[in-house]
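What follows is a short report on a single structure.
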Amino acid sequence: MSSPGVLAQARQHLAVGVSLVALVANLGTPLPAAAQEPVKTPTATPIKHVIVIIGENRTFDHVFATYKPRRGESISNLLSKGIVNEDGTPGFNFFQASQSSANDSNANGYRLSPSGNVPYSVLPPVLAGGYPTGPFPDVATAKQFENGLPDNYYVYLTTGGTGLAHGAVDTRIPNATTLPPGPFQLTSVTHPYDSYDNSPVHRFYQMWQQFDCKSSKATPSNPSGCQSDLFPWVETTIGAGSNGLAQPADWTDTSTKEGSTAMGFYNVLQGDAPYLKFLADHYAMSDNFHQAVMGGTGANHVMLGTGDAIWFSDGNGNPVAPPHNELVAANTPNAGVVDEIEDPTPQAGTNNWYTEDGYGGGSFGSPSYGGGTYTNCSDTTRPEVVQIRRYLHSLSQPIPSRCAANHYYLLNNYNPGYYGDGRNAYADIGNPNETVFTIPPSPLRNVGDALSEKKISWAYFGDQWSTYLANPDGNYVTADNTYCNICNPFQYSTSIMTSPLGRTHNQDTTAFYAALKDGSLPAVSFVKPDGWLDGHPASSKLNLFEGFVKKIVDGVKANQELWASTAIIVTFDEGGGYYDSGYIQPLDYFGDGTRIPTLVVSPYTNPGHISHAYTDHVSILKFIEANWGLRPLTHRSRDNFPNPIASQSNPYVPLNSPAIGDLMDLFTFGAAAAKK
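Under our numbering, the first residue of the sequence shown carries the number 51, and numbering increases by one thereafter.
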């Protein structure tokens with residue numbers, strides 16, 4: 051199998067998102083009493099069990115660019131807009147997705163909508179990333195480490211290697227250096243669907259900048275005024291961040307090793323993403339579901355669990371400023387001067403090379419540095435804060451920032467404040483097996499708190515949880531455990547992690563599979579694949595996530611009593627930085643972000659139905675709350691937003707912004723509905 055170094059290179063968020071520890075027996079264990087207790091609370095619908103499966107880093111157009119709906123349904127994608135043709139070639143409206151370069155060398159600060167846009171004549175080169183060869187040498191070895199796939203999917207853990215160095219021109223893609231300046235089809239004879247690919251940047255200020263939003267460009271069909279025309283430019287000018295380091299000499303369009311990765315899409319009409327297409331054909335799908343936060347994995351998973359943004363605290367629930375050009379973890383191998391506050395001001399003499407932004411460098415036994423990822427968005431002396439708040443205020447329906455005074459909000463990925471066994475991880479940042487880039491324990495109320503208070507059973511099932519729990523403070527020695535700690539919204543939470551009963555809600559997926567068979571499934575289940583199977587570009591593949599989903603769907607359907615009362619929501623944490631042509635509704639300073647694929651698999655759906663109601667991650671919370679009669683989590687969480695009201699002529703844009711739906715229109719709860 052591949053070395054952990056390959057996995058670390060493949061996943062931009064790996065350093066803070068995955069603990070690589072020794073493999074232990076990953077046996078199914080009974081669900082805790084808290085998760086097994088019977089569902090006593092009546093539901094508003096026939097749904098008694100909700101299963102939320104969360105993949106990684108794909109936009110709606112990236113997956114469903116060419117999807118054709120069945121008669122009577124409509125869709126918003128690259129094909130329907132004429133941006134591409136059925137064969138993936140540029141369509142008559144290709145110009146609508148045309149990309150440009152820009153200039154942000156202004157030392158006075160970050161620009162949300164940079165000046166000097168010049169349309170590309172061709173895209174910057176498309177560059178390779180991911181495993182040069184498959185991560186496992188054979189199926190037998192793959193099965194030693196993974197249990198989350200149907201038998202016929204394990205082969206995909208041995209295939210699909212790039213054969214190329216990370217950052218090399220991706221010669222598998224025809225004309226990779228001379229592509230037209232817009233979306234291009236990834237797949238071909240030389241680049242089949244079963245291929246590892248590079249990962250675009252997916253960080254907060256980069257995403258805002260890629261969308262190029264300004265109210266002066268607003269139209270009735272696109273009242274946000276976001277042009278979505280700077281995706282490759284941001285990839286090639288700043289990429290995943292500077293970590294406070296100077297821009298390297300001899301900078302080129304290939305220096306970030308990303309190129310125009312963001313513009314690639316699959317073609318379901320030619321056999322790509324076959325299982326996701328099958329689910330869309332036979333159940334229901336949204337073409338207007340969005341990641342809740344601009345940026346990456348951590349912040350979006352937190353929003354999924356809490357309906358809010360998390361902030362830096364003293365560990366006792368009081369907001370304080372994070373380290374800013376100061377020494378942390380003194381007298382330990384991780385000691386170093388770090389700056390955890392974002393500063394996307396371009397460094398002098400550069401075009402858009404941010405001053406301080408990144409995942410953090412060092413730690414794990416070496417001096418720490420960089421790491422900007424917090425923002426006090428109430429501080430209107432900061433240029434980036436002014437840019438976004440001014441834009442929000444200038445819209446025809448002004449949008450409040452919802453930034454509490456003197457709160458430094460997490461915008462991207464830091465390790466959660468607790469280890470799996472409940473120990474304070476922030477208090478352990480000097481541990482040479484860990485990282486200083488850890489957020490302190492959080493007081494944010496979450497959906498687990500709300501469910502527990504009403505004695506409604508729930509659990510978070512994280513793939514490889516048992517392996518992680520056996521050595522929760524790391525080692526980072528082997529790739530046996532790719533449990534994603536930053537993906538578990540409850541692992542940040544003081545109310546969950548400091549209670550022995552609360553911690554029992556964290557379970558391995560082996561317990562989930564056992565519960566499918568014996569009927570002990572909780573009312574609400576969040577299910578997260580590990581790093582091999584989550585579909586994240588470079589470290590995983592979309593077909594592996596498809597296999598993970600298929601095993602769960604097949605397992606539910608094999609238990610007919612369970613199937614008759616279950617809704618499986620298949621979604622993604624964020625778009626991963628891939629291009630998408632859909633409308634984005636500004637809800638506050640933090641987002642929304644781009645559209646992501648979201649499907650509902652249930653006997654209570656109409657086959658092939660496509661919902662256009664505006665929704666995001668917090669809509670899942672709204673569905674749970676509506677179904678079980680729960681109140682919004684807090685006075686400020688996004689589940690307080692109303693359901694959208696839209697015109698018949700444009701169902702995608704809420705007239706009562708900010709508004710997000712509760713997913714109910716994806717179902718048909720009629721007497722004859724439960725028939726599949």
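For every residue, glycine included, the Cβ atom is placed at its ideal position computed from N, Cα and C.
Let me confirm a value: residue i is counted as buried when at least 16 other C-beta atoms fall within 10 Å, else exposed. Which label applies?
i, result
"F719", "exposed"
"P298", "exposed"
"D279", "buried"
"S165", "exposed"
"A157", "exposed"
"P80", "Unreliable positioning characterises P80 in this predicted model, as indicated by a pLDDT of 47, which lies under 50. The coordinate reading is nonetheless provided below. Result: exposed."
"R121", "exposed"
"T517", "buried"
"K672", "buried"
"L501", "buried"
"T302", "exposed"
"H667", "buried"
"I710", "buried"
"E484", "buried"
"T431", "exposed"
"L713", "buried"
"G597", "buried"
"P757", "No answer is possible for residue 757: it lies beyond the span of the chain, which begins at 51 and ends at 726."
"P372", "buried"
"A379", "buried"
Do residue j and residue i have their beta-carbon atoms positioned less than 7 Å apart in this structure?
i, j, result
"V486", "N375", "no"
"I695", "V651", "no"
"Q447", "S707", "yes"
"P250", "Y628", "yes"
"F254", "L461", "yes"
"Y204", "A359", "no"
"I634", "D642", "yes"
"D513", "D580", "yes"
"G355", "V176", "no"
"L236", "Y181", "no"
"P647", "V113", "yes"
"Y702", "N338", "yes"
"Y170", "T212", "no"
"D244", "N609", "no"
"S163", "K264", "yes"
"T116", "L129", "yes"
Less than 8 Å between C-beta atoms, sequence neighbours within five positions excluded: which residues of the same chain meet that for residue i?
i, result
"S292", "Q397, W403, Y404, T405, E406, D407, G408, G420"
"L329", "M335, V599, V603, V620, L649, V651"
"I449", "L442, H443, P636, L637, D638, S707, P708"
"P230", "P140, F144, V172, L173"
"G605", "Y563, L566, K567"
"G415", "P383, N384, P482, N483"
In this structure, what does DSSP give as the bridge partners for residue i?
i, result
"Y424", "I391, L460"
"V650", "A334, I619"
"I103", "V577, V620"
"P273", "DSSP, once it has assigned bridges, lists no residue as partnering P273."
"D666", "H340"
"Y419", "G411"
"N465", "T488"
"V378", "G386"
"R645", "H340"
"L638", "According to the sequence as given, residue 638 is Asp; it is not Leu. Paired residues: G641."
"W678", "None, per the DSSP bridge assignment."
"F691", "F691 is not bridged to any residue."
"E123", "Answer is none; E123 lacks a bridge partner."
Please find out if some non-hydrogen atom of the ligand GDP comes closer than 6 Å to the beta-carbon of residue i.
i, result
"D712", "Summarising the ligand content, the structure contains no ligands, and the ligand GDP is consequently not present."
Go through its chain and collect everything with a Cβ distance to residue i's Cβ below 6 Å, but skip five positions before and after it.
i, result
"I506", "T91, A573, W678"
"S545", "D499"
"P657", "H332"
"G309", "P174, P175, V176, L177"
"P119", "I125, I660"
Give a yes or no on whether 7 Å exceeds the smallest Cβ distance from residue i to chain B.
i, result
"V343", "Protein chains in the displayed structure number just one, and chain B is not present."
In its own chain, which residues sit with a C-beta less than 7 Å from the C-beta of residue i, not counting the 5 before and 5 after it?
i, result
"K131", "N143, Q146, S631"
"S543", "S492, L494, N496"
Quiz item: In chain order, which continuous runs of the alpha helix (DSSP H) of length 4 or greater are located wholly inside the stretch 548-627?
Solution: If only complete runs of 4 or more residues are kept, the stretch 548-627 shows the alpha helix (DSSP H) at 550-553, 559-568, 592-607, 610-613, in order along the chain.
Quiz prompt | In chain order, each beta strand (DSSP E) run of at least 3 residues that lies wholly inside the stretch 693-725 | solution = Correct list: empty.
Self-check item: Complete alpha helix (DSSP H) runs within the stretch 227-264 (minimum length 4 residues, chain order)
Solution: With a minimum length of 4 residues, the continuous alpha helix (DSSP H) runs that stay inside the stretch 227-264 are 254-261.
Practice problem: Counting only runs of 3+ residues fully inside the stretch 292-341, write out the beta strand (DSSP E) ranges in chain order. | Solution: Taking 3 residues as the shortest admissible run, the stretch 292-341 contains the following complete beta strand (DSSP E) segments, listed from N- to C-terminal end: 334-336.
Exercise. Please list the segments of the alpha helix (DSSP H) lying wholly inside the stretch 142-198, counting only runs of 4 or more residues, in order along the chain.
Key: Within the stretch 142-198, the complete alpha helix (DSSP H) runs of at least 4 residues are 189-195.
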